[in-house]
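Asks:
Protein chains: 2
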Amino acid sequence: MARRRSSAVTLTDVARRAGVSVATASKALNARDDVAADTRHRVQQAAEELAFQPNALARGLISGTSRTVGLLTDELAGRFAMPVLLGAENALGNGQMSVLLCDTRGDTFRRRHYIRTLLSRQVDGLLIVGDKNDMRPSLTEGIPVPVVYVYGESDDPDDLSILADDEGGARLAAEHLVALGRRRVAHITGEEGYRAARDRAAGLGAVLGEAGLPLVGGVPMYGAWSQRWGRHAASMLLSAHPDVDAILCGSDQIASGVMETLWDFGRRVPEDVAVVGYDNWEIFAAECRTPLTTVDLNLEQLGAIAAEHLIAALDGDRRTGVIRHPGRLVLRESTGPRTSA
Amino acid sequence: MARRRSSAVTLTDVARRAGVSVATASKALNARDDVAADTRHRVQQAAEELAFQPNALARGLISGTSRTVGLLTDELAGRFAMPVLLGAENALGNGQMSVLLCDTRGDTFRRRHYIRTLLSRQVDGLLIVGDKNDMRPSLTEGIPVPVVYVYGESDDPDDLSILADDEGGARLAAEHLVALGRRRVAHITGEEGYRAARDRAAGLGAVLGEAGLPLVGGVPMYGAWSQRWGRHAASMLLSAHPDVDAILCGSDQIASGVMETLWDFGRRVPEDVAVVGYDNWEIFAAECRTPLTTVDLNLEQLGAIAAEHLIAALDGDRRTGVIRHPGRLVLRESTGPRTSA
DNA sequence: CTGAAAGCGCTTACAG
DNA sequence: CTGAAAGCGCTTACAG
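Chains A and B supply the protein sequences, listed in that same order.
The numbering of the first sequence is the working numbering, which starts it at 790 and goes up by one.
The numbering of the second sequence is the working numbering, which starts it at 790 and goes up by one.
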């Protein structure tokens, strides 16, 4: 079981080759203390010749910091965790920190197990990535290192949560539609149980209210986050309100279904009906027959911001509360003329 | 900078509380040596009361194994790395190993940097996840720990590569079409530069050959991995060969575009033309108007198998060469009657 | 400027 | 059955 590395070059080897003590070799390599220029040079050369890599375990044991953070996701498989992960990994890597990845698959037992493992590995901090942006129970209690929540909000206001600004994103989309002169705007979206759905509906409602415009149908059409629902809801909408001239969709997937139905009904997009999606999921948004104007959640930035706040907390600069990171509107043909690529 | 953990409960604390030496405490907790049942019990209780977690860094320093593997991906953002990652993480987690995640973003400099970091962190092994299944240069040289390649094949036959069996997967699909009595089969697929495209075409060709059937159009229609190409190729195909009765597509995305065009041309799926996709990308395959029969690459299994081989190699059981893991055909409506959900 | 010593938290022969 | 000692690979006061 003891699988010692074969090629383990240690600082002792370097010191021997350079003809100095390990203490001096250590100082020379770490540019601390006063070391004679000549000695430093000899040590560095020896280290290079031996391809010496300091053992991070030994360093961590001494310093008490492993330069590692644990990244705990509820559900890696969904499409939201990935970009967040990517942004975080990138930001942490730039800060010389490594990422220990754990996917709990929504399982509480697994989560506790992973937290224990991560702490025993002396992670310097924890990033908790949610699979939806609803509130979630805080896990911070009993964790002796900084914790930052991303995408899903911790229910403890003493935690720091980095969230996508769904209401603001929907406002961007709605303002765009209003600016285009659309006056009969409807909203087809996902399950009302999701905070994302409610927040987006609220953002749209606010903008329409400010513009003195009604929401077609009176209420958002809540349903499912699927193309199927998009198709179904659109055909109901067109029957009940044939005068609709814009549809804000709760997701690109829904928008994709909506556009299929509009096509079937002979409505032109965007001439007759402007359509806006949500998520900027390229595969739907950029590839469909009529490329889709949509709201990008800036998830990579979300991950990066979370990582930066974690690093700041490690340096003693700890924040609490909620940070809502704005999305951005991506203009494509479904609301207007082809934009120059 | 020295951020020592506040709540660091060490084995010394446990030993003191249990009234024994650290050596005995260690043995009691690790169930080694002979320790009096009573002593063991006292130690365990003390450990529990103090919520003791052994410091994995210290353990690793002694044992020479960190129970950690590095997972190096070329491109996490694509849709293939994720399931592989998931399967690997899961299999490794079950084996008590943690995953250090690194996304090189296809950058060679970054890759070298990450490999150095991972080795200095004393990873026990490396998993290299490709972003496509083409051959790629081996990275193994100079790496003193076992390495397993997943999804992309190493060009060094002394490495172990775990790959999806694209030719076999296409055979499954083709045999299904032939068994359904389709005789005019065409192939619309992605870029010929991709091995996946060529292997799938080869699988289809082989089955058609065995059945004495021609490939409609004589050659595979190579193009791009996009809906757009699917739409375009399908309309060319229908003009040139209106008698086509089945289309094997190189991806679900292509299939999605193909089906849009079939719809526009008034061809019914599957009655007039059977369509098979590739990838089982649920969002396209299960959600489109006519749910899609397709080939699942079993990517999670691929990741899990790679992890298991890595663990085996750690235990001295090292394999080399290529393992092709079969895909599976997922039957939906695009080739036949609705299957019972 | 350099090196011997102590120590990070743990495990493992080795005495007793 | 238990504990003192040595050691994993490194860093950091502390003498010299």
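The beta carbon of each residue, even a glycine, is placed where N, CA and C say it ideally should be.
Keep in mind it's a predicted model, so treat the numbers as computed, not measured.
Buried or exposed: ARG1121 (chain A), going by 16 or more other Cβ atoms within 10 Å of its Cβ?
Replies: Buried.
Asks: Leaving out the 5 sequence neighbours to the left and right, which residues in its chain are closer than 6 Å to SER1045 (chain B) when beta-carbon positions are compared?
Replies: GLN1016, PHE1073, CYS1077.
Asks: Hey, VAL996 (chain B) and VAL967 (chain B): beta-carbon distance below 9 Å or not?
Replies: Yes, these two residues count as a Cβ contact at 9 Å.
Asks: Evaluate PRO1136 (chain A) with the Cβ neighbour count: other Cβ atoms within 10 Å of its Cβ, from every protein chain shown; 16 or more gives buried, anything less gives exposed.
Replies: The requested residue 1136 (chain A) does not occur in the structure, where chain A is confined to residues 790 to 1130.
Asks: Please name the residue in A:ARG1020, A:SER1024, A:ALA975 whose C-alpha comes closest to that of GLY1006 (chain A).
Replies: Per the Cα distances, A:ALA975.
Asks: For the alpha helix (DSSP H) that ASP1085 (chain B) lies in, which residues bound it at each end?
Replies: Where ASP1085 (chain B) is concerned, there is no enclosing alpha helix (DSSP H), although the beta strand (DSSP E) it sits in stretches over 1083-1085.
Asks: Give me the chain B residues within the contact set of ARG910 (chain A), using Cβ-Cβ distance strictly less than 7 Å, ordered along the chain.
Replies: Here the neighbours are ALA845, SER887.
Asks: Quick one: which chain A residues come within Cβ less than 7 Å of GLU878 (chain B)?
Replies: Those are LEU890, ASP892, listed as they occur along chain A.
Asks: Could you check if THR801 (chain A) is buried or exposed, using at least 16 other CB atoms within 10 Å of its CB as the buried criterion?
Replies: Counting Cβ neighbours within 10 Å, THR801 (chain A) comes out exposed, since fewer than 16 surround it.
Asks: DSSP state of ARG831 (chain B), grouped into three classes?
Replies: It is helical.
Asks: Excluding the 5 residues flanking GLY882 (chain B) on each side, which residues of the same chain have their C-beta closer than 8 Å to its C-beta?
Replies: Here the set comprises VAL888.
Asks: Quick one: is the Cβ of PRO872 (chain B) within less than 8 Å of any heavy atom of the ligand FAD?
Replies: For the structure depicted, the ligand FAD is absent and the ligand set is empty, with no information on it obtainable.
Asks: Cα separation between VAL939 (chain B) and ARG1117 (chain B)?
Replies: Distance between the alpha carbons of VAL939 (chain B) and ARG1117 (chain B) is about 18 Å.
Asks: Give me the Cα-Cα distance between GLY994 (chain B) and GLY1019 (chain B), rounded to the nearest whole angstrom.
Replies: Cα to Cα, the separation comes out at about 20 Å.
Asks: With DSSP as the reference, label ALA797 (chain A) as helix, strand or coil.
Replies: Note: ALA797 (chain A) maps to coil in three-state DSSP.
Asks: Taking the alpha helix (DSSP H) that SER1045 (chain B) belongs to, which residues open and close that run?
Replies: Element bounds for SER1045 (chain B): 1041-1053.
Asks: Please confirm if THR762 (chain A) has its CB atom under 9 Å from at least one CB of chain B.
Replies: In the structure displayed, chain A extends from 790 to 1130; residue 762 (chain A) sits before or after that span and is not available.
Asks: Can you list the residues of chain A that SER855 (chain B) reaches, using a CB-CB cut of under 8 Å?
Replies: Near SER855 (chain B) (Cβ distances below 8 Å), the residues of chain A are LEU846.
Asks: How about THR978 (chain B) and PRO946 (chain B): do their beta carbons lie closer than 9 Å?
Replies: Contact flag unset, no.
Asks: Please list the partners that GLY849 (chain A) has in chain B, where partner means a Cβ-to-Cβ separation under 7 Å.
Replies: Those within 7 Å of GLY849 (chain A) in chain B are LEU846.
Asks: Using the beta-carbon count (16 or more within 10 Å), is GLU999 (chain B) buried or exposed?
Replies: With fewer than 16 other Cβ atoms within 10 Å, it is exposed.
Asks: Can you tell me whether DSSP reads MET871 (chain A) as helix, strand or coil?
Replies: Here MET871 (chain A) sits in helix by DSSP.
Asks: Out of A:GLY1001, A:HIS1098, A:LEU865, which has the shortest C-alpha to C-alpha gap to ILE1112 (chain A)?
Replies: Per the Cα distances, A:HIS1098.
Asks: Can you list the residues of chain B that GLU1188 (chain A) reaches, using a CB-CB cut of under 8 Å?
Replies: Any question about residue 1188 (chain A) goes unanswered here, given that chain A covers just 790 to 1130.
Asks: Classify THR906 (chain A): buried if its beta carbon has 16 or more other beta carbons within 10 angstroms, exposed otherwise.
Replies: The residue in question, THR906 (chain A), is buried, as its Cβ has 16 or more Cβ neighbours within 10 Å.
Asks: Considering only the alpha carbon of each residue, which of B:CYS891, B:TYR983, B:ALA847 lies closest to ASN844 (chain A)?
Replies: Among B:CYS891, B:TYR983, B:ALA847, the Cα nearest to that of ASN844 (chain A) is on B:ALA847.
Asks: Mind pulling the chain A residues with CB within less than 8 Å of MET871 (chain B)?
Replies: Under the 8 Å cutoff, chain A gives LEU865, ALA866, MET871.
Asks: Along the chain, where does the alpha helix (DSSP H) containing TYR903 (chain B) start, and where does it finish?
Replies: Taken as a continuous stretch (DSSP letters only), the alpha helix (DSSP H) holding TYR903 (chain B) covers 897-909.
Asks: Closer than 7 Å by beta-carbon distance: list the chain A residues that pair up with ARG905 (chain B), in chain order.
Replies: Within chain A, the residues near ARG905 (chain B) are GLN842.
Asks: Between the Cα of ASP923 (chain B) and the Cα atoms of B:TYR903, B:ILE951, B:VAL936, which residue gives the shortest distance?
Replies: For the residues B:TYR903, B:ILE951, B:VAL936, the minimum Cα distance to ASP923 (chain B) belongs to B:ILE951.
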